[in-house]
DNA sequence: GTCTATAGCTTGATAGAC
DNA sequence: GTCTATCAAGCTATAGAC
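Protein chains in written order, with our numbering: chain Z, 13 to 226; chain C, 13 to 226.
See the structure below:
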């Protein structure tokens, strides 16, 4: 019966509550009062441990970013020029799918949070670019090896479309569930992953592969 | 010298200022004070003309939704079972590209606003589904005609990936500009559209086209 | 339809006792 | 490290004069 929320440190209780609430309501939609109340700690402790609200928000984002980046980097580094574009896309996208489905409940909230940040100009540089661009560059360099006839620009555009599909998946808004009248479930990332990899791979080939290198 | 902001009605001035500020900071990140100040009108007029803040937000969203839906519907209705999947995707995605590039400056803000709403659970049903699902259904029905061997579920997943790519494009965060070191410009929707249509068409074929119907 | 003034509440942050 | 108490500022919404 270890590891329940009651036994966590004050910092972790605040981080967990923040993750949940920021994911649902966004940075400005949640007050420190609601966060500390959900965490079961006093209001003043948020400031004591994390400083201003913005710092707390960044701490929430960064907590899982390193773990995700390491898993992606590990998977990408196992591949080389002889790999398929499917393998590359799988290496980049599978780590979050794994953590979201089997890494504990916090990862679902984290995905929703990242999905909101990703399309908000306010956090693009300070969060998205600074946290995730290094691994993005690694992925793109590998794509250039696997599809050597690509125009460099087209690889970036293909990555842009990949990002869009992946991040909308993170959001798990349930819109596709309703639209499809229950045929699709936005929470089942295993199914989505199995469809997303061939979809994106075909897209990459369509706009990046300009035939045999010469 | 007609049609400058100074000559607009109070309602339109408030709507324009709201569109800009909501797009940049989100619903909770902007106060009615900042909106009315940017609009150059008194605080009390926001409530007089639009009621509570939520109503104003919905009025901003709905103002351009009808126009966009009509353009999409018109383009889709010109196509039939003999059309290509490229033509269908073009019909669905081109109207916003056109308006964003040549329909006046408000459409850029509107795109950023929709991009933030789309990944926020709070607005999924009340905005996204209610405003945009009818045309989405029209698009999906046409896809089933054009790719008749598709499993119905796969068409919805392909549409989900299309939505992600399209909406990330609307956001114009500039992240891909920085990542590509200037090779890509997220504001040039004409270029993105030209890449996006073949990318997505290949994806649709990859997961929806199960060979000749029997 | 527009203005001034304000009610009633919530916010982030902190000071100071323990 | 935690608690109580509070400050100054901001918020939405509205009442009432013009």
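Think of the CB as a built atom: it goes at the ideal place given N, C-alpha and C, for glycine as much as any other residue.
Keep in mind the model is a prediction, meaning the values are calculated, not measured.
| message | Quick check: is the beta carbon of residue 131 (chain Z) nearer than 9 Å to any beta carbon in chain C? | response | Within the first chain, the letter at position 119 stands for residue 131 (chain Z). Chain C contact via Cβ: present.
| Do you know offhand how far residue 99 (chain C)'s Cα is from residue 109 (chain C)'s? | Residue 99 (chain C) sits at position 87 when you count from the first residue of the second chain. Residue 109 (chain C) sits at position 97 when you count from the first residue of the second chain. Answer to the nearest angstrom: the Cα atoms are 15 Å apart.
| query | Taking only beta-carbon atoms, is residue 196 (chain C) less than 9 Å away from chain Z? | reply | Counting from 1 along the second chain, the entry for residue 196 (chain C) is found at position 184. Yes, residue 196 (chain C) counts as interfacial toward chain Z.
| query | Anyone know if the C-beta pair for residue 86 (chain Z) and residue 119 (chain Z) falls short of 9 Å? | reply | As a first step, residue 86 (chain Z) is located in the first chain; it is residue number 74 there, counting from the start. As a first step, residue 119 (chain Z) is located in the first chain; it is residue number 107 there, counting from the start. In this structure, residue 119 (chain Z) does not lie closer than 9 Å to residue 86 (chain Z) by Cβ.
| query | To which residues of the same chain is residue 209 (chain C) closer than 6 Å at the C-beta, ignoring the five residues directly before and after it? | reply | Locating residue 209 (chain C) in the second chain gives position 197, counting from the first residue. Excluding positions up to five away in sequence, the list reads 98, 101, 102.
| field | Option in C:125, C:18, C:222 with minimal Cα separation from residue 33 (chain C) | value | On the second chain, residue 33 (chain C) is found 21 positions in, with the first residue counted as 1. For the residues C:125, C:18, C:222, the minimum Cα distance to residue 33 (chain C) belongs to C:125.
| request: Below 6 Å CB to CB, which residues in the same chain sit around residue 23 (chain C) once its five sequence neighbours on both sides are set aside? | output: Locating residue 23 (chain C) in the second chain gives position 11, where the first residue counts as 1. Excluding five sequence positions before and after residue 23 (chain C), the CB atoms of its chain that fall closer than 6 Å to its own CB belong to 61, given in chain order.
| request: Quick one: residues in its chain with C-beta nearer than 7 Å to the C-beta of residue 71 (chain Z), no 5 flanking neighbours on either side, listed in chain order? | output: Here residue 71 (chain Z) refers to the residue found at position 59 of the first chain. So the qualifying residues of the chain are 27, 62.
| query | Does any CB atom of chain C fall closer than 9 Å to the CB of residue 60 (chain Z)? | reply | The residue labelled residue 60 (chain Z) in the question sits at position 48 within the first chain. Chain C contact via Cβ: absent.
| query | Where residue 223 (chain C) and residue 81 (chain C) are concerned, what is the direct C-alpha to C-alpha distance, given to the nearest angstrom? | reply | Numbered from 1 along the second chain, position 211 holds the residue referred to as residue 223 (chain C). Numbered from 1 along the second chain, position 69 holds the residue referred to as residue 81 (chain C). Rounded to the nearest angstrom, the two C-alpha atoms are 32 Å apart.
| request: Count the other CB atoms, across all protein chains shown, that sit within 10 Å of the CB of residue 117 (chain Z); report buried if there are 16 or more and exposed otherwise. | output: Against the first chain, residue 117 (chain Z) aligns to sequence position 105. Burial call: exposed.
| Looking only at its own chain, which residues have a Cβ that is under 8 Å from the Cβ of residue 5 (chain Z), when we skip the five neighbours before and after it? | Only positions 13 to 226 of chain Z appear in the structure, and residue 5 (chain Z) is not among them; the question remains open.
| query | Helix, strand or coil for residue 196 (chain Z) per DSSP? | reply | Locating residue 196 (chain Z) in the first chain gives position 184, where the first residue counts as 1. In this structure, residue 196 (chain Z) counts as coil in the three-state DSSP scheme.
| request: May I ask you to report which of helix, strand or coil DSSP gives residue 180 (chain C)? | output: Working through the second chain from its first residue, we reach residue 180 (chain C) at position 168. Three-state result, residue 180 (chain C): helix.
| request: Could you tell me if residue 18 (chain C) is buried or exposed, where buried requires 16 or more neighbouring beta carbons within 10 angstroms of its beta carbon? | output: Indexing the second chain from 1 puts residue 18 (chain C) at position 6. With fewer than 16 Cβ atoms within 10 Å of its Cβ, residue 18 (chain C) is classed as exposed.
| Test item: CB-CB of residue 173 (chain C) and residue 177 (chain Z) under 9 Å | In the second chain, the residue the question calls residue 173 (chain C) occupies position 161. In the first chain, the residue the question calls residue 177 (chain Z) occupies position 165. Yes, the Cβ-Cβ distance between residue 173 (chain C) and residue 177 (chain Z) is below 9 Å.
| message | Just to confirm my understanding: we take residue 95 (chain C), look at its own chain, exclude 5 residues before and 5 after, and list those with CB closer than 8 Å. What are they? | response | Working through the second chain from its first residue, we reach residue 95 (chain C) at position 83. 154, 158.
| said: According to DSSP, simplified to helix, strand and coil, what is residue 202 (chain Z)? | reply: As a position in the first chain, residue 202 (chain Z) is number 190, starting the count at 1. Of the three classes helix, strand and coil, the one that applies to residue 202 (chain Z) here is helix, per DSSP.
| field | Under 9 Å (Cβ pairs) to chain C, residues found in the segment 202-217 of chain Z | value | Of all residues in the segment 202-217 of chain Z, 203, 204, 207, 208, 210, 211, 212, 213, 214, 215, 216, 217 have a Cβ within less than 9 Å of some Cβ in chain C.
| Candidates C:150, C:45, C:83, of which the one nearest residue 65 (chain C) by Cα | The sequence position of residue 65 (chain C) within the second chain is 53, counting from 1. Of the listed residues, the one whose Cα sits closest to residue 65 (chain C) is C:45.
| field | Beta-carbon proximity of residue 111 (chain C) to residue 90 (chain C), cut-off 9 Å | value | Here residue 111 (chain C) refers to the residue found at position 99 of the second chain. Here residue 90 (chain C) refers to the residue found at position 78 of the second chain. Not closer than 9 Å, so no.
| request: Taking only the alpha-carbon atoms, compute the straight-line gap between residue 203 (chain Z) and residue 122 (chain C) and give it to the nearest angstrom. | output: By 1-based counting over the first chain, the position of residue 203 (chain Z) is 191. By 1-based counting over the second chain, the position of residue 122 (chain C) is 110. Distance between the alpha carbons of residue 203 (chain Z) and residue 122 (chain C) is about 32 Å.
| Identity of the residue in Z:129, Z:175, Z:182, Z:48 nearest residue 113 (chain Z) by Cα | Within the first chain, numbered from 1, the residue matching residue 113 (chain Z) stands at position 101. When only C-alpha atoms are compared, the closest one is Z:182.
| said: Starting from residue 123 (chain C), trace the alpha helix (DSSP H) in both directions and tell me its first and last residue. | reply: Sequence index remark: in the second chain, residue 123 (chain C) carries index 111 (1-based). Residues 118-130.
| By a C-beta neighbour count over all protein chains shown, 10 Å radius and 16 as the cutoff for buried, is residue 55 (chain C) buried or exposed? | The sequence position of residue 55 (chain C) within the second chain is 43, counting from 1. Exposed, by the Cβ-count rule.
| request: Note down the Cα distance separating residue 175 (chain Z) from residue 215 (chain Z), rounded to an integer number of angstroms. | output: Your numbering for residue 175 (chain Z) matches position 163 in the first chain. Your numbering for residue 215 (chain Z) matches position 203 in the first chain. C-alpha separation (whole angstroms): 13 Å.
| query | Which first and last residues belong to the alpha helix (DSSP H) in which residue 98 (chain C) is found? | reply | To locate residue 98 (chain C), count along the second chain from 1; it is residue 86. Run containing residue 98 (chain C): 97-114, per the alpha helix (DSSP H) assignment.
| In chain C, which residues lie less than 8 Å from residue 165 (chain Z) when you measure between Cβ atoms? | Within the first chain, the letter at position 153 stands for residue 165 (chain Z). Within 8 Å Cβ-Cβ: 192, 195, 196.
| said: Taking the alpha helix (DSSP H) that residue 31 (chain Z) belongs to, which residues open and close that run? | reply: For the purposes of this step, residue 31 (chain Z) is taken as the residue at position 19 of the first chain. Unbroken alpha helix (DSSP H) run through residue 31 (chain Z): 22-37.
| query | From this set, Z:48, Z:189, Z:84, which residue's C-alpha is nearest residue 151 (chain Z)'s C-alpha? | reply | On the first chain, position 139 is the one that residue 151 (chain Z) refers to. For the residues Z:48, Z:189, Z:84, the minimum Cα distance to residue 151 (chain Z) belongs to Z:84.
| What does residue 168 (chain Z) touch in chain C if you count any residue whose Cβ is under 7 Å from its own? | Position 156 of the first chain, counting from 1, holds the residue named residue 168 (chain Z). What residue 168 (chain Z) touches in chain C: 188, 191, 192, 195, 196.
| request: Determine the chain C residues that contact residue 109 (chain Z) at a beta-carbon separation under 9 Å, and present them in chain order. | output: The residue labelled residue 109 (chain Z) in the question sits at position 97 within the first chain. Against chain C, a Cβ distance below 9 Å from residue 109 (chain Z) picks out nothing, because the smallest value is about 14 Å.
| Using 9 Å as the limit for Cβ to Cβ distance, is residue 143 (chain C) near chain Z? | The residue given as residue 143 (chain C) occupies position 131 in the second chain. Chain Z contact via Cβ: absent.
| Excluding sequence positions up to five away, which residues of its chain have a Cβ less than 7 Å from the Cβ of residue 147 (chain Z)? | Within the first chain, numbered from 1, the residue matching residue 147 (chain Z) stands at position 135. Here the set comprises 81, 84, 85.
| message | Judging by CA-CA distance, which residue of Z:140, Z:92, Z:93, Z:217 is the nearest neighbour of residue 179 (chain Z)? | response | Residue numbering aside, residue 179 (chain Z) sits at position 167 when the first chain is read from its first letter. Nearest option by C-alpha distance: Z:140.
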